[in-house]
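*Asks:*
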Amino acid sequence: MKLFGSSGTRGVAGEELTPEFVLRVAKAAGTVWGGGRAAVARDTRTTGELFANAAAAGLASVGCDVDRLGAAPTPAVVGYCDRESVPAVLVTASHNPPQYNGVKLVGDDGVELSVDALQRVETRVLEESFATAGWDEVGRTRRVDDANDRYVADVLAAIDRTPIARADLTVAVDPGHGAGALTNPDLFRELGCDVVTVNAQPDGRFPGRVPEPLPKNLGELGRLVRASGADVGIAHDGDADRAVFYDERGEPIDGEASFAALAAAHLDAGDTVVSAVNVSQRLVDVVDDRDAELELTPIGATNIITRIRELWADGETVPIAGEGNGGIFFPDFRLVRDGAYTGAQFLALLARSGQSASELVAPYDDYHNVRVNITYADEAELERLLAAAETFAAGADAEPNTTDGYRLDYGDAWVLVRPSGTEPKVRVYAEARTPERAAELAEAARAALEDAR
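Counting in our numbering, the sequence shown runs from 11 upward without gaps.
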């Protein structure tokens, strides 16, 4: 697809992403949905209201009545769609820098649109083939104020709160000025935790830190954990569909390690876990230990969702899925990455284990990851980089997996080269048992691609 990548469509506001474009996307989506009702929501970005207005206008112009949810986490919007049986246009750029914004489309079943459905919308956008509502048929707009409250109630009802409350946990929360600031600190308090916060004011300028919850951006959270004596720290991205953790020492927990720990707690023999092609060996080892199955997809939530639905159709059970960036699905709750629910599940695991956070993930610490981003200027440069990646893979002493890019498994380590689905970057991932080996693999791939410039 040209417009929709692995997590919707995104770009720098006013440049790659304009109100006119969002209007066309909304008109196309409303046409595919056949009118009726649809919701519009956004994260906290300064351009969110602008693009949400464009989306609402586009939907109304093709005859859709519009529910305006305001600022809300992605999982809260998905929950609203699920309860109300309405689709949604969600304005968010998730973890991207403040100058970005984007659009996700959610179906009336409360699931992000499948690749096939997105293709139908994209075709309408590119062909400018939209329904037309007469002056007396345009949609009406109403404001909905309780979507976030109902989402919090849903999460609380789905979690066993008793062991968490009994554990008397202190939790440091960093919503990063994003949509999670509207829901998650209060949610963790309702679970019975003492909560301290940083960057907990909704602010689309993201003054405290940029939206992506990487260790280099989370220094304040680590300091808060140490200063407050917190048992664990939890950070979210801009739309709060991811959760990453800090241990009781104020040290970051690798997202692959927390994913592996949660998978070990939720998988039984015969279950299936779905992850992306950049899956960590940690998860592979957990799956083997639990006598479960592992399904790999191209990177991105849309691809993981599509595969989960296919497995469900075949009668398979998928209790957990996701990626090591903190984006985890618990499909039996809802088929969406959910930062608050993931955080609650980690707190429940911590409470039941009686261990500290560092002890809980210790079995999954003997792995080291490196990620390198290579920025490109235009499509021609991207083609040169990908051609170099193909040549690099063909000359390697490993059989390439081309599910998404080029993954080379060496037994003790692996490296993956693939283009980003959301930014003008080619990403290089590597994992090994030692940091030196991981860095060596990543550097070899990076050097091969840079030579292609």
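Even for Gly, the Cβ is constructed at its ideal location relative to N, Cα and C. No experiment lies behind these values; they were computed from the predicted model shown.
Distance, Cα to Cα, Y90 vs V32?
*Replies:* Roughly 21 Å between the two C-alpha positions.
*Asks:* Tell whether a beta-carbon distance below 7 Å holds between G229 and G260.
*Replies:* No.
*Asks:* If I'm right that P83 touches A358 with Cβ under 8 Å, what's the distance once you round it to whole angstroms?
*Replies:* Wrong, their Cβ atoms sit about 20 Å apart, outside the cutoff.
*Asks:* Could you please give the first and the last residue of the uninterrupted beta strand (DSSP E) stretch that includes T316?
*Replies:* Taken as a continuous stretch (DSSP letters only), T316 belongs to no beta strand (DSSP E), being part of the alpha helix (DSSP H) at A311 to A323.
*Asks:* Can you list, in chain order, the stretches of the alpha helix (DSSP H) that have 4 or more residues and sit fully within the stretch 251-285?
*Replies:* Counting whole runs of 4 or more residues, the stretch 251-285 contains the alpha helix (DSSP H) stretches 265-276.
*Asks:* Alpha helix (DSSP H) containing T84: first to last residue?
*Replies:* T84 to E94 is the span of the alpha helix (DSSP H), which, as asked, contains T84.
*Asks:* Check for me: the alpha helix (DSSP H) holding V328 runs from which residue to which?
*Replies:* Note, V328: premise wrong, no alpha helix (DSSP H); not H, not E.
*Asks:* In angstroms, rounded to a whole number, what distance separates the CA positions of G190 and R153?
*Replies:* When rounded, the distance between both Cα atoms is 20 Å.
*Asks:* Specify the secondary structure class of K37 as computed by DSSP and reduced to three states.
*Replies:* K37: helix per DSSP, three-state reduction.
*Asks:* Following the continuous alpha helix (DSSP H) through A62, name the residue where it begins and the one where it ends.
*Replies:* Unbroken alpha helix (DSSP H) run through A62: G58 to S71.
*Asks:* Measuring only the C-alpha atoms, how far is V183 from Q355?
*Replies:* Rounded to whole angstroms, V183 to Q355 spans 15 Å at the Cα level.
*Asks:* Quick one: give me the first and last residue of the beta strand (DSSP E) that R215 is part of.
*Replies:* Per DSSP, R215 belongs to no beta strand (DSSP E) and is neither H nor E.
*Asks:* Is V289 closer than 7 Å to A274 when the C-beta atoms are compared?
*Replies:* Not closer than 7 Å, so no.
*Asks:* Mark Q291 as exposed unless 16 or more other C-beta atoms lie within 10 angstroms of its C-beta, in which case mark it buried.
*Replies:* Classification for Q291: buried.
*Asks:* Determine the DSSP secondary structure at A78, reduced to helix, strand or coil.
*Replies:* Note that residue 78 is Arg in the sequence shown here, rather than Ala. Of the three classes helix, strand and coil, the one that applies to R78 here is strand, per DSSP.
*Asks:* Quick check on this structure: which residue in D376, L272, D204 and D348 has the alpha carbon closest to the alpha carbon of D247?
*Replies:* The shortest Cα separation from D247 among D376, L272, D204 and D348 belongs to D348.
*Asks:* I'd like the list of long-range same chain contacts for K37, defined as Cβ closer than 7 Å, with 5 residues on each side in sequence excluded.
*Replies:* Excluding residues within five positions, the ones whose Cβ falls inside 7 Å are G68, S71, V72 and F140.
*Asks:* For C74 and G149, which I take to be in contact (beta-carbon distance under 8 Å), what is that distance rounded to the nearest angstrom?
*Replies:* Indeed they touch by this definition, with Cβ atoms about 4 Å apart.
*Asks:* Is it right to say K114 is buried, meaning 16 or more other beta carbons lie within 10 angstroms of its own, or is it exposed?
*Replies:* Classification for K114: buried.
*Asks:* Hey, quick one: how far does the beta strand (DSSP E) through G46 stretch, first residue to last?
*Replies:* Element bounds for G46: G46 to R52.
*Asks:* Among R93, V96, A250 and T28, which has the Cα closest to the Cα of N63?
*Replies:* Comparing Cα positions, the closest option is T28.
*Asks:* What does the Cβ neighbour count give for G117, buried or exposed, with the cut at 16 atoms within 10 Å?
*Replies:* By the 10 Å Cβ count, G117 comes out buried.
*Asks:* Along the chain, where does the beta strand (DSSP E) containing T180 start, and where does it finish?
*Replies:* Segment T180 to D184, the beta strand (DSSP E) holding T180.
*Asks:* Taking the beta carbon of N158 as the centre, do at least 16 other beta carbons fall within 10 Å, making it buried, or is it exposed?
*Replies:* When all chains shown are included, N158 counts as buried.
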